[in-house]
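In the numbering used here, the protein residues as written are 24 to 119.
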């Protein structure tokens with residue numbers, strides 16, 4: 024099983040005071056947002072939170088998310104708006 028040797032390393036890293044997966048590359052989805060591992064890591068670090076996967080097909084969560092993120096887009100520097108930044112990827116993933 025590839026990567027099996029690294030599984031224990033992640034727990035040891037966290038036990039020694041390392042950072043949570045949602046703050047590192049392994050907890051982030053390449054297409055934007057957090058992957059399942061990142062969401063679970065965030066929920067462990069912040070008890071009471073309940074992060075859910077993106078809702079691109081529609082609904083109140085999508086409407087709210089898109090409205091919030093469009094506000095962030097306006098505050099973003101034009102030089103950061105490359106289409107490869109985390110905000111652009113998240114907006115694409117949610118189909119905003």
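Positions of the beta carbon are idealized from the N, C-alpha and C atoms, including for glycine.
The region 72-88 makes contact with the region 45-62: 3 or more CB pairs, one atom from each, lie closer than 8 Å. In the DSSP assignment, residue 66 falls within the unbroken alpha helix (DSSP H) covering 59-68. Between the region 41-55 and the region 109-118 there are three or more inter-stretch CB-CB distances shorter than 8 Å, so the stretches are counted as touching. DSSP links residue 75 through a beta bridge to no other residue. If you draw a straight line from the Cα of residue 98 to the Cα of residue 46, it comes to about 22 Å.
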